[in-house]
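**Student:**
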Amino acid sequence: MASIVITRITHFVGHLVFQLIVGISAGVIEVGAVLKLVNIWKNNSGPFLLSVSLAWMTASAIVPLIMVPFLSTKYENFECAFNSTACNSTITITATTSNIFNQTTEPSKMFNMNAVQPETRIWIPYLLLGVSLIVLASIALLFVYIQFMRNRSNQKLHLEEENVMNNGQLKEQAKTEKYYKIACVVLGSILSFIFGGIVDSTSQYWVTFVMFTDLKLSKQYGVFMLSALSISLIASNLVGILVATKVNAFTFLVLLTSFAATGNIILLIFANSSLIMLWVGAITEKIGYSCVYMSVFNYLEQSVGITNTIGSLLVFANWFANSIGYCALIGQYIEQYPMSLIYSNLINIFVVILCLISLFYFEKTMRKVTK
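In my numbering, the protein residues as written are -10 to 360.
1. Of the residues ASN334, LYS31, LEU24 and ALA129, which one's Cα is nearest the Cα of GLN291?
2. Three-state secondary structure (DSSP) at PRO36?
3. Rank ILE29, PHE198 and CYS280 by C-alpha distance to the C-alpha of LEU180 and give the top, closest one.
4. Specify, as a first and last residue, the run of the alpha helix (DSSP H) that PHE241 falls within.
5. Applying the criterion that 16 or more other CB atoms from any shown protein chain within 10 Å of the CB defines a buried residue, is GLY35 buried or exposed?
6. Do ASN334 and ILE171 have their C-beta atoms within less than 8 Å of each other?
7. Measuring straight from C-alpha to C-alpha, what distance separates LEU215 and VAL196?
8. Using the beta-carbon count (16 or more within 10 Å), is THR94 buried or exposed?
9. Could you compute how far the alpha carbon of TYR64 sits from the alpha carbon of ALA15?
10. Can you check whether the CB of ILE276 is closer than 8 Å to the CB of PHE248?
11. Look at the alpha carbon of ILE338 and the alpha carbon of GLY3, and state the distance between them as a whole number of angstroms.
12. Taking VAL174 as part of the alpha helix (DSSP H), name the residues at either end of that continuous run.
13. Shortest alpha-carbon distance to VAL41 belongs to which of MET283, ALA310 and LYS357?
14. Count the other CB atoms within 10 Å of the CB of TYR134; is the residue buried (16 or more) or exposed (fewer)?
15. DSSP on THR354, reduced to helix/strand/coil?
16. Using only the alpha-carbon positions, how far apart do TYR194 and THR251 sit?
17. From GLU324 to LEU303, what distance separates their C-alpha atoms?
18. Taking the C-alpha atoms as reference points, what is the distance between LEU9 and GLY314?
19. Using C-beta distances below 7 Å, list every residue in its chain close to LEU245, excluding the 5 sequence neighbours before and after it, in chain order.
20. So, for ASP189: in the same chain, excluding its five sequence neighbours on each side, which residues have a beta-carbon less than 6 Å away from its beta-carbon?
21. Mind checking PHE182: buried by the 16 CB within 10 Å criterion, or exposed?
22. May I ask you to report which of helix, strand or coil DSSP gives LYS275?
23. Would THR202 pass as an interface residue toward chain B - the criterion being a Cβ-Cβ separation below 8 Å?
24. Kindly indicate which residue of ALA22, SER121, THR191 and ALA306 has the alpha-carbon position closest to the one of LEU222.
25. Pick helix, strand or coil for ILE(-2), following the three-state DSSP scheme.
26. Using the C-alpha atoms, what's the distance from PHE184 back to VAL293?
27. Could you have a look at TYR326 and say whether DSSP puts it in helix, strand or coil?
28. Alpha carbon to alpha carbon, how far is GLU274 from GLU352?
29. Considering only their Cβ atoms, is the gap separating PHE59 from ILE(-2) smaller than 8 Å?
30. Give the secondary structure of THR298 by DSSP, where H, G and I count as helix, E and B as strand, and everything else as coil.
31. Name the two residues that bound the continuous alpha helix (DSSP H) containing VAL293.
32. Does the Cβ-Cβ distance between LEU348 and LEU218 come in under 8 Å?
33. If you check the beta carbons only, do ASN261 and THR202 fall under 8 Å apart?
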């Protein structure tokens, strides 16, 4: 409902309030969708989580293109301040030039510019978005109601099975040390935090980065690269769904980190000298960034189990890097020192490698304890 109303709000504070509602709702939906998949598929939820990630990335690439036809257009209406004889001028107005001939007075006094209200239709896609969300939410509630009605007839049997499952879970939890769970959650949150910051900063400043390296690429070319990299990100996520069915979550995280590290090392060496290697490095690092977020969810589900608290913590960690100004910090130096983007990425990836080594150590220790 907020997405329907927000385009008609002109007061700044009111706009922020509705943006807050949309943000909170999006966060709840994100956590709820992930937890629902994890609860259904348990340790086999990896490919399904990556499918959700693929849907998000596809939407992030398509939705801005859908919005373009509905953006506002600005018109400027000029009219002569005197009669046509007094003006005694010929005016040619284009998007960039104004040529005035035979002028008899100052141009600023000859013409009046009438303010024209910008024409916008941005409310149309937002209206469709809001209506679709309401319809989908109603369908989801309908499925919940149908499932509830089906379970009423065999509620007793269901409770008995649930008790057996709970007993099994309690026995399994008794074998897992408390410090191991805490360590896994903390390290998983750090991974989510770091990769969230890397992905956002790279996406925001890629165009600026390629413009200020020694290659001095144009802004248009940088935007073209960013669009192409978005496509490669979607493609690598699609491949990641297939790979996730063959390897465990920890191995997949190591594989993604190796791609991210390799891509940034290539950029460190060749970003200022070779356009081809710039493409190779950019695509390689994008492959490494493609599936990390959901892979962390999958890993924690396999190691300690995902709860509402853990799921919310991972989502919070993923967006926290931006909220504390990490991207703004990179933006302070990107024009003067464009390679600062790559340096910061490599430092963060080094921390990620340390986290993965720590997770491997904890897993190995727990195997010895549980034997």
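We put the CB at the ideal spot given by N, CA and C, even for glycine.
**Tutor:** Once the coordinates are examined:
1. Closest option to GLN291, Cα to Cα, is LYS31.
2. DSSP places PRO36 in helix when its eight states are reduced to three.
3. Nearest C-alpha to LEU180 among ILE29, PHE198 and CYS280: CYS280.
4. Counting along the chain, the alpha helix (DSSP H) containing PHE241 begins and ends at 238 to 259.
5. GLY35 comes out buried.
6. Contact flag unset, no.
7. Between LEU215 and VAL196, the C-alpha separation is close to 7 Å.
8. Low local confidence applies: a pLDDT of 49 at THR94 is under 50, so the model's placement there is unreliable, with the coordinate-based value given in what follows. The Cβ neighbour count for THR94, taken over all protein chains shown within 10 Å, is under 16; the residue is labelled exposed.
9. For TYR64, the predicted structure reports a pLDDT of 49, less than 50, and the residue's modelled location is therefore unreliable. The matter cannot be settled from this model.
10. Closer than 8 Å, so yes.
11. Rounded to the nearest angstrom, the two C-alpha atoms are 40 Å apart.
12. Element bounds for VAL174: 167 to 201.
13. Nearest C-alpha to VAL41: MET283.
14. With fewer than 16 other CB atoms across the displayed protein chains lying within 10 angstroms of its CB, TYR134 is exposed.
15. Helix at THR354.
16. Straight-line Cα distance between these residues: approximately 20 Å.
17. Spanning the two alpha carbons is a distance of roughly 32 Å.
18. Distance between the alpha carbons of LEU9 and GLY314: 19 Å.
19. Contacts found: GLY277, CYS280, VAL281 and SER284.
20. Closer than 6 Å at Cβ, skipping near neighbours: ASN311 and CYS316.
21. Counting C-beta atoms within 10 angstroms of its own C-beta, PHE182 has 16 or more neighbours from the protein chains shown and is therefore classed as buried.
22. Of the three classes helix, strand and coil, the one that applies to LYS275 here is helix, per DSSP.
23. In the displayed structure, chain B is absent; only one protein chain is listed.
24. Nearest option by C-alpha distance: THR191.
25. Of the three classes helix, strand and coil, the one that applies to ILE(-2) here is coil, per DSSP.
26. Taking the straight line joining both Cα atoms gives about 21 Å.
27. It is coil, neither helix nor strand.
28. The alpha-carbon separation between GLU274 and GLU352 amounts to approximately 27 Å.
29. With respect to PHE59, ILE(-2) sits apart: the two C-beta atoms are not nearer than 8 Å.
30. THR298 falls in the helix class under three-state DSSP.
31. Counting along the chain, VAL293 falls outside any alpha helix (DSSP H), and DSSP gives it neither H nor E.
32. 8 Å or more divides the Cβ of LEU348 from the Cβ of LEU218.
33. Yes, Cβ-Cβ distance for ASN261 and THR202 is below 8 Å.
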